[in-house]
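Peer 1:
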Amino acid sequence: MENQTQIICSELFQKHRKVEVALYPALLTWKEIEKSRKRSSGASEAEQGHDIKVCEIVAIHKAEDEAETQTRKHPKRIKQHSQQYPYAFTVAYVRRTQQHLWRCSDVTFHCADQQICDQWIQVTNEQLSLLTNRPKNLLVYINPYGGKRRGKHIYEQKVAPVFRRAGIFTDVIVTERANHARDHLKTEANLDDYDGVVCVGGDGMFSEILHGLVTRIQADHNVDQNQPDAELVPCPLRIGIIPAGSTDCICFATVGTNDPVTSALHIIVGDSQPMDVCSVHHNDVFLKYSVSLLGYGFYGDVLTDSERNRWLGPARYDLSGFKTFLCHNHYEGTVSFLPAEDNVGHPRDKLQCRSGCRICQHKHSSKDEHNEVSEEKEKPAEDGEGDWSVIHGKFIAINSASMSCACPRSPKGLSPSAHLADGTTDLILVRKCSRLDFFKHLLRHTNNDDQFDHWFVDVHRVRKFRFQPWHHELVPLEDQSEHPEKPDLSPTSSLQETCDYSTAESSWNCDGEILHHAAIQVSVQCGLIRLFARGIEEQQDAEGAV
Ligand SMILES: CCCCCCCCCCCCC/C=C/[C@@H](O)[C@H](COP(=O)(O)O)NC(=O)CCCCC
Ligand SMILES: Nc1ncnc2c1ncn2[C@@H]1O[C@H](COP(=O)(O)OP(=O)(O)O)[C@@H](O)[C@H]1O
Ligand SMILES: [Ca+2]
1 MENQTQIICS
11 ELFQKHRKVE
21 VALYPALLTW
31 KEIEKSRKRS
41 SGASEAEQGH
51 DIKVCEIVAI
61 HKAEDEAETQ
71 TRKHPKRIKQ
81 HSQQYPYAFT
91 VAYVRRTQQH
101 LWRCSDVTFH
111 CADQQICDQW
121 IQVTNEQLSL
131 LTNRPKNLLV
141 YINPYGGKRR
151 GKHIYEQKVA
161 PVFRRAGIFT
171 DVIVTERANH
181 ARDHLKTEAN
191 LDDYDGVVCV
201 GGDGMFSEIL
211 HGLVTRIQAD
221 HNVDQNQPDA
231 ELVPCPLRIG
241 IIPAGSTDCI
251 CFATVGTNDP
261 VTSALHIIVG
271 DSQPMDVCSV
281 HHNDVFLKYS
291 VSLLGYGFYG
301 DVLTDSERNR
311 WLGPARYDLS
321 GFKTFLCHNH
331 YEGTVSFLPA
341 EDNVGHPRDK
351 LQCRSGCRIC
361 QHKHSSKDEH
371 NEVSEEKEKP
381 AEDGEGDWSV
391 IHGKFIAINS
401 ASMSCACPRS
411 PKGLSPSAHL
421 ADGTTDLILV
431 RKCSRLDFFK
441 HLLRHTNNDD
451 QFDHWFVDVH
461 RVRKFRFQPW
471 HHELVPLEDQ
481 SEHPEKPDLS
491 PTSSLQETCD
501 YSTAESSWNC
511 DGEILHHAAI
521 QVSVQCGLIR
531 LFARGIEEQQ
541 DAEGAV
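Here the UniProt record's numbering is used: the first residue of the sequence shown is 1, the next is one more, and so on.
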């Protein structure tokens with residue numbers, strides 16, 4: 001056995017085959033000794049061996065019970081073997097399966113010498129302890145009420161055992177009411193005790209954690225959230241999402257799948273993904289933060305209606321989506337926006353944000369330089385507001401997607417090329433059109449066709465925007481016949497008899513929470529928070545090639 005500066009190499013046994021196992025500073029490898037001899041006589045690449053990055057090792061431990069279990073299964077043959085090689089250690093590591101799913105796999109190595117076994121465990125643990133980005137202490141909030149109400153079960157059955165294996169300490173709080181997690185983070189939690197916060201729930205629950213953490217950090221640094229232009233202080237704690245909600249779009253768009261074990265593994269290996277946060281104000285009063293969808297009109301109406309049918313679980317969105325589609329409302333108002341610079345691309349450039357995205361990285365490395373430029377550009381011109389564009393119109397939907405908003409309902413999302421941390425949001429304006437046209441637009445969210453390629457859809461990459469609904473006198477629907485001079489009252493619907501909306505305004509769907517003001521100002525804060533995620537990885541083939 002060699003042991004020079006953390007490189008160790010031994011001949012061990014794995015499933016009764018002799019293997020050469022080596023640990024380099026960043027890699028654990030093993031290959032069958034017979035196979036490697038065969039290789040010189042033409043064995044395939046796949047037979048050559050296994051490589052695991054040390055940063056994707058979950059844990060290493062003595063495999064005390066393994067020999068016993070094997071002996072019970074194959075008494076004769078194994079008994080002989082385990083007497084010869086009684087010492088064993090198991091390495092738990094991340095194994096990629098299909099569609100961005102990760103699993104925790106085990107490989108057990110046997111040896112004849114206890115010292116060798118102990119040394120492998122010690123040296124591997126030393127390497128793992130150098131990975132300082134891994135969390136050791138986590139504060140976990142479980143919403144027992146989200147999605148199919150399986151949050152607690154999912155955490156206890158699928159996540160807690162993997163955390164335990166990785167030696168992570170957790171404090172777990174099962175929420176007892178809406179905003180319990182937010183309030184606890186804002187005022188009570190001792191954040192210094194933790195390396196991260198874990199949210200077990202959907203996008204609405206994530207929104208609670210986001211608000212609790214960001215508000216707490218601003219309060220600790222005396223930053224006034226009511227100032228729309230305040231430079232917010234980034235959040236030092238990362239957030240992990242264990243999907244247990246109805247849409248789980250934030251998890252899907254940052255990991256590529258909604259799977260609790262995959263998310264738990266991204267937390268364990270200490271992934272870090274910065275994420276843009278939109279701050280939303282009304283008349284210079286802070287309302288909410290948003291990281292995924294801010295949707296007025298269609299998605300606001302779907303959300304409002306769906307809250308009445310929460311008992312249906314995730315299916316409530318399908319029912320409300322269908323009803324809202326039939327209503328075919330549109331809303332009048334003025335959208336003003338500050339376009340992003342050209343170097344962050346365009347919503348239709350088909351450059352999708354993926355793990356290690358160059359556009360997001362460039363944004364972070366050039367953040368200071370960029371801020372100087374943008375402040376310059378943003379100075380209001382003498383005659384008004386410089387670079388702002390203004391659009392007045394009648395809209396079926398106004399959507400701001402700060403990330404792709406991919407989810408199982410729409411695997412490429414509302415804005416497939418939106419970036420997680422580029423400091424911009426994609427503003428999608430869907431103008432009044434026929435029901436059939438709107439259906440075609442919606443349908444394109446579920447296939448490969450371009451949902452922006454319609455005469456009634458405009459999309460802009462922006463850093464800030466405002467919306468002002470068109471103000472007019474409200475007239476009850478039954479009185480409309482008495483006001484022929486105002487035939488165009490919003491919401492306008494050719495199926496008005498099937499709808500009971502009686503206000504002229506819609507609401508904003510803010511990451512699955514309803515906002516109570518229609519007139520809003522939105523500003524993107526570049527990479528304000530970090531998740532335990534790495535963005536969606538490029539698909540790899542069986543041999544690991546991209
Ligand atoms: C003809 C078929 C048309 C299908 C069109 C589907 C388009 C779906 C786009 C969905 C974008 C979702 C953006 C994410 C929103 C979530 O924040 C929010 C709350 O999630 P959660 O707390 O986990 O429940 N979900 C929604 O607002 C649901 C929108 C569903 C629209 C049908
Ligand atoms: N214990 C609780 N009881 C009731 N509501 C809760 C509780 N904990 C959190 N909530 C609220 O439940 C709402 C939905 O949560 P979420 O986890 O996003 O599920 P879903 O994806 O099904 O909407 C959020 O608004 C959150 O504030
Ligand atoms: Ca963005």
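For each residue, glycine too, the CB sits at the ideal point set by N, CA and C.
Computed from a prediction, not measured in an experiment: that's the story for all the values here.
At a cut-off of 8 angstroms, is THR425 close to ligand 3 when judged by its beta-carbon and the heavy atoms of the ligand?
Peer 2: Position 425 of the sequence shown, counting from 1, holds the residue named residue 425. The answer is yes for THR425.
Peer 1: Between ARG534 and ILE209, what straight-line distance do the alpha-carbon atoms span, to the nearest angstrom?
Peer 2: Position 534 of the sequence shown, counted from the first residue, corresponds to residue 534. Position 209 of the sequence shown, counted from the first residue, corresponds to residue 209. Cα to Cα, the separation comes out at about 19 angstroms.
Peer 1: Tell me the residue span of the beta strand (DSSP E) that contains HIS460.
Peer 2: Counting from 1 along the sequence shown, the entry for residue 460 is found at position 460. 457-469 is the extent of the beta strand (DSSP E) around HIS460.
Peer 1: Please report the Cβ distance between residue 558 and LEU420, rounded to the nearest whole angstrom; I am assuming they are in contact, meaning their Cβ atoms lie under 8 angstroms.
Peer 2: Because residue 558 is not part of the residues shown, which for the chain are 1 to 546, the question remains open.
Peer 1: Strictly by DSSP, which residues pair up with LYS53?
Peer 2: Taking the first residue of the sequence shown as 1, we reach residue 53 at position 53. DSSP lists LEU27 as partners of LYS53.
Peer 1: Could you check if TYR93 belongs to the surroundings of ligand 2, using beta carbon to heavy atom distance under 8 angstroms?
Peer 2: Walking along the sequence shown from the start, residue 93 turns up at place 93. No, the beta carbon of TYR93 sits no closer than 8 angstroms to any heavy atom of ligand 2.
Peer 1: Could I get the ranges of all uninterrupted alpha helix (DSSP H) runs contained in the UniProt domain "DAGKc" (133-284), with 4 residues as the minimum, in chain order?
Peer 2: As far as the UniProt domain "DAGKc" (133-284) is concerned, its whole alpha helix (DSSP H) runs of at least 4 residues are 151-154, 160-165, 180-183, 203-220, 249-255, 260-268.
Peer 1: Have a look at GLN119, GLN115, PHE169, LEU131 and flag the residue whose alpha-carbon is nearest the alpha-carbon of VAL140.
Peer 2: Numbered from its first residue, the sequence shown carries residue 140 at position 140. Closest option to VAL140, Cα to Cα, is PHE169.
Peer 1: With distance defined between alpha-carbon atoms, name the residue in HIS445, ASP450, GLU513 nearest to residue 550.
Peer 2: The structure shown does not extend to residue 550, since the chain is modelled only from 1 to 546, so the question has no answer here.
Peer 1: Quick check on the DSSP output: the alpha helix (DSSP H) that includes CYS9 runs from which residue to which?
Peer 2: Here the question's residue 9 lines up with position 9 in the sequence shown. From DSSP, CYS9 is part of no alpha helix (DSSP H) but of the beta strand (DSSP E) over 7-14.
Peer 1: At which residues does the alpha helix (DSSP H) containing ILE121 begin and terminate?
Peer 2: Here residue 121 is taken as the residue at index 121 of the sequence shown, counted from 1. Segment 114-129, the alpha helix (DSSP H) holding ILE121.
Peer 1: Looking at the secondary structure, which residues open and close the alpha helix (DSSP H) in which THR324 lies?
Peer 2: As a position in the sequence shown, residue 324 is number 324, starting the count at 1. Unbroken alpha helix (DSSP H) run through THR324: 316-327.
Peer 1: Taking contact to mean 3 or more Cβ pairs, one atom from each stretch, closer than 8 angstroms, check whether the segment 274-288 and the segment 193-200 are in contact.
Peer 2: No, they do not touch.
Peer 1: Just grab the DSSP bridge partners of TRP508 for me.
Peer 2: The residue given as residue 508 occupies position 508 in the sequence shown. Its beta-bridge partners are TYR296, LEU515.
Peer 1: In three-state DSSP terms, what is GLN539?
Peer 2: Looking up residue 539 in the sequence shown gives position 539. Reduced to three states, the DSSP call for GLN539 is coil.
Peer 1: What residue range is occupied by the uninterrupted beta strand (DSSP E) comprising LEU427?
Peer 2: Locating residue 427 in the sequence shown gives position 427, where the first residue counts as 1. Note, LEU427: beta strand (DSSP E), 425-431.
Peer 1: Drop a sphere of 10 angstroms on the beta-carbon of SER211, count the other beta-carbons inside from all chains shown, and report buried for 16 or more, exposed for fewer.
Peer 2: Position 211 of the sequence shown holds residue 211. With the sequence shown as reference, residue 211 is identified as His, and Ser is not the correct amino acid for it. Buried, by the Cβ-count rule.
Peer 1: Given ARG444, which residues of its chain have a CB within under 6 angstroms of its CB, disregarding the five upstream and five downstream residues?
Peer 2: The residue given as residue 444 occupies position 444 in the sequence shown. GLN451, listed in sequence order.
Peer 1: On the DSSP bridge list, what partners appear for VAL302?
Peer 2: Here the question's residue 302 lines up with position 302 in the sequence shown. DSSP lists no partner for VAL302.
Peer 1: Roughly how far, in whole angstroms, is the beta-carbon of CYS353 from the beta-carbon of ALA418, given that I think they are within contact range, below 8 angstroms?
Peer 2: Walking along the sequence shown from the start, residue 353 turns up at place 353. Walking along the sequence shown from the start, residue 418 turns up at place 418. About 7 angstroms; that satisfies the 8 angstroms criterion.
Peer 1: Output the distance between the C-alpha atoms of VAL58 and ARG165, rounded to the nearest integer angstrom.
Peer 2: Along the sequence shown, read from residue 1 onward, the residue named residue 58 stands at position 58. Along the sequence shown, read from residue 1 onward, the residue named residue 165 stands at position 165. Each residue's alpha carbon lies about 8 angstroms from the other.
Peer 1: According to DSSP, is HIS362 part of a helix, a strand, or is it coil?
Peer 2: Taking the sequence shown and counting its residues from 1, the one referred to as residue 362 is at position 362. Helix.
Peer 1: In whole angstroms, what is the alpha-carbon distance linking MET275 and GLN361?
Peer 2: By 1-based counting over the sequence shown, the position of residue 275 is 275. By 1-based counting over the sequence shown, the position of residue 361 is 361. Straight-line Cα distance between these residues: approximately 11 angstroms.
Peer 1: Relative to ligand 2, is the shortest distance from any of its heavy atoms to the C-beta of ASN509 smaller than 8 angstroms?
Peer 2: For the purposes of this step, residue 509 is taken as residue 509 along the sequence shown, with counting starting at 1. Outside the cutoff, so no.
Peer 1: Residues in its own chain within less than 8 angstroms of residue 569 by CB, not counting five upstream and five downstream?
Peer 2: Past the edges of the chain, shown from 1 to 546, lies residue 569, and the structure says nothing about it.
Peer 1: So the candidates are GLY333, GLY300, CYS9; which of them puts its Cα closest to the Cα of TYR317?
Peer 2: Here residue 317 refers to the residue found at position 317 of the sequence shown. For TYR317, the nearest C-alpha among the options comes from GLY300.
Peer 1: What do you reckon, is the C-beta of ASP259 under 8 angstroms from a heavy atom of ligand 3?
Peer 2: Counting from 1 along the sequence shown, the entry for residue 259 is found at position 259. No, the Cβ of ASP259 stays beyond 8 angstroms of every heavy atom of ligand 3.
Peer 1: Are the beta-carbon atoms belonging to ILE398 and GLY356 less than 9 angstroms from one another?
Peer 2: Walking along the sequence shown from the start, residue 398 turns up at place 398. Walking along the sequence shown from the start, residue 356 turns up at place 356. Cβ distance not < 9 angstroms, so ILE398 and GLY356 don't count as in contact.
Peer 1: Specify, as a first and last residue, the run of the alpha helix (DSSP H) that HIS441 falls within.
Peer 2: Sequence index remark: in the sequence shown, residue 441 carries index 441 (1-based). Per DSSP, HIS441 belongs to the alpha helix (DSSP H) from 435-443.
Peer 1: Just to confirm, are LYS464 and VAL522 a CB contact at a threshold of 9 angstroms?
Peer 2: Locating residue 464 in the sequence shown gives position 464, where the first residue counts as 1. Locating residue 522 in the sequence shown gives position 522, where the first residue counts as 1. Yes, the pair counts as a contact, with Cβ atoms nearer than the cut-off.
Peer 1: Would you say SER279 touches ligand 3, meaning its beta carbon is less than 8 angstroms from a heavy atom?
Peer 2: Counted from its first residue, the sequence shown places residue 279 at position 279. No, the beta carbon of SER279 sits no closer than 8 angstroms to any heavy atom of ligand 3.
Peer 1: Less than 9 angstroms separating the beta-carbons of residue 590 and SER272?
Peer 2: Residue 590 lies beyond the stretch modelled for the chain, which goes from 1 to 546, so this question has no answer here.
Peer 1: Using 8 angstroms for Cβ pairs, my map puts VAL430 next to PHE456. What's the rounded Cβ distance?
Peer 2: Walking along the sequence shown from the start, residue 430 turns up at place 430. Walking along the sequence shown from the start, residue 456 turns up at place 456. Contact holds; Cβ gap of about 6 angstroms.
Peer 1: Would the C-beta of MET205 count as close to ligand 1, meaning under 8 angstroms from any of its heavy atoms?
Peer 2: The residue labelled residue 205 in the question sits at position 205 within the sequence shown. Result yes, Cβ under 8 angstroms from ligand 1.
Peer 1: In the DSSP assignment, find the beta strand (DSSP E) that holds HIS392 and state where it starts and stops.
Peer 2: By 1-based counting over the sequence shown, the position of residue 392 is 392. Here the beta strand (DSSP E) through HIS392 covers 389-401.
Peer 1: Using a Cβ-Cβ cut-off of 6 angstroms (strictly less than) and excluding sequence neighbours within five positions of GLY151, which residues of its own chain qualify?
Peer 2: Position 151 of the sequence shown, counting from 1, holds the residue named residue 151. Contacts found: ILE142, ASN143, PRO144, VAL200, GLY201, ALA244.
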